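Participant: Numbering (the UniProt record's numbering), first residue to last: 1 to 242. The beta carbon of each residue, even a glycine, is placed where N, CA and C say it ideally should be. These numbers come from a predicted model, not from an experiment. Got a structure here, written out as structure tokens. Questions coming.
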């Protein structure tokens with residue numbers, strides 16, 4: 001498979017960037033998108049050029065580090081993380097645009113790498129419980145209805161990749177914040193901070209410069225873990241209740 005890549009190159013946060021065109025050949029359909037970028041970087045290094053900087057870690061769809069916009073879509077054409085996107089979803093001769101997460105709260109560090117620490121600060125403002133837990137409690141010590149447990153687990157699947165922010169036309173972090181609030185607020189262990197948690201996390205989200213939510217739904221469409229859009233409605237109810 002032979003491809004033309006148009007990749008955003010930016011030396012640093014204070015320097016201008018531009019789309020730069022590269023051609024890669026001999027790409028296997030079984031390669032992941034990141035393995036394809038590895039192939040490009042090997043060629044660039046052999047030519048004495050600076051390799052393309054991009055975030056990655058587990059390469060198993062777990063950590064959420066590998067975010068990038070591919071042909072205008074967060075994580076690319078499939079509902080998965082970039083590391084789990086395979087080249088079989090492209091065809092020989094394709095031109096592929098690769099850009100960093102596009103959001104004011106995610107400043108570019110270099111090339112495709114952005115600073116997503118704003119999400120960490122949102123979690124730090126309220127994504128915890130103060131109830132002393134000690135060692136692991138007996139599994140049935142605190143009864144939790146299955147419906148509630150399922151709801152908590154559904155939202156706890158969020159890996160904080162930031163695709164929801166990158167896909168949102170407003171650069172909103174509402175789906176991310178909703179996932180972190182809901183999965184704690186519905187459980188008995190999260191009850192003591194239920195009101196302060198939602199106020200603190202929404203406040204932190206606003207302070208970080210994320211845009212407002214207008215319920216376009218692009219966040220839920222792009223989310224590789226399928227966090228439901230209904231989580232935002234639950235967040236709003238929690239906020240009003242607090």
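Alpha carbon to alpha carbon, what distance is there between residue 198 and residue 37?
Facilitator: Whole-angstrom Cα-Cα distance: 39 Å.
Participant: Who are the near neighbours of residue 153 in its chain, counting only those whose CB is closer than 8 Å to its CB and skipping five residues on each side?
Facilitator: Closer than 8 Å at Cβ, skipping near neighbours: 183.
Participant: In terms of alpha-carbon separation, which member of 175, 23, 121 and 158 lies closest to residue 93?
Facilitator: 23
Participant: Is the beta carbon of residue 66 less than 8 Å from the beta carbon of residue 159?
Facilitator: no
Participant: Based on DSSP bridge pairs, tell me the residues matched to residue 97.
Facilitator: DSSP lists 6 as partners of residue 97.
Participant: Hey, quick one: how far does the alpha helix (DSSP H) through residue 243 stretch, first residue to last?
Facilitator: Because the chain is modelled from 1 through 242, residue 243 falls outside the range shown and cannot be assessed.
Participant: Following the continuous alpha helix (DSSP H) through residue 154, name the residue where it begins and the one where it ends.
Facilitator: 146-156
Participant: Here's a check: name, in chain order, each residue in its chain whose Cβ is nearer than 7 Å to the Cβ of residue 209, leaving out the five neighbours to either side.
Facilitator: 104 and 105
Participant: With a threshold of 8 Å, are at least 3 pairs of Cβ atoms found where one atom belongs to the stretch 227-238 and the other to the stretch 166-180?
Facilitator: With three or more CB-CB distances shorter than 8 Å, the stretch 227-238 counts as touching the stretch 166-180.
Participant: Counting Cβ pairs closer than 8 Å, one from the stretch 5-15 and one from the stretch 106-124, do we hit at least three?
Facilitator: They touch, by the three-pair rule.
Participant: How would you label residue 100, buried or exposed, when you count the other beta carbons within 10 angstroms and need 16 or more for buried?
Facilitator: Buried, because 16 or more other Cβ atoms sit within 10 Å of the Cβ of residue 100.
Participant: In whole angstroms, give me the CA-to-CA distance for residue 56 and residue 113.
Facilitator: 9 Å
Participant: Within the chosen definition, does the stretch 188-203 reach the stretch 127-145 through at least 3 CB pairs nearer than 8 Å?
Facilitator: yes
Participant: Taking the alpha-carbon positions, what's the residue 17 to residue 70 distance?
Facilitator: 17 Å
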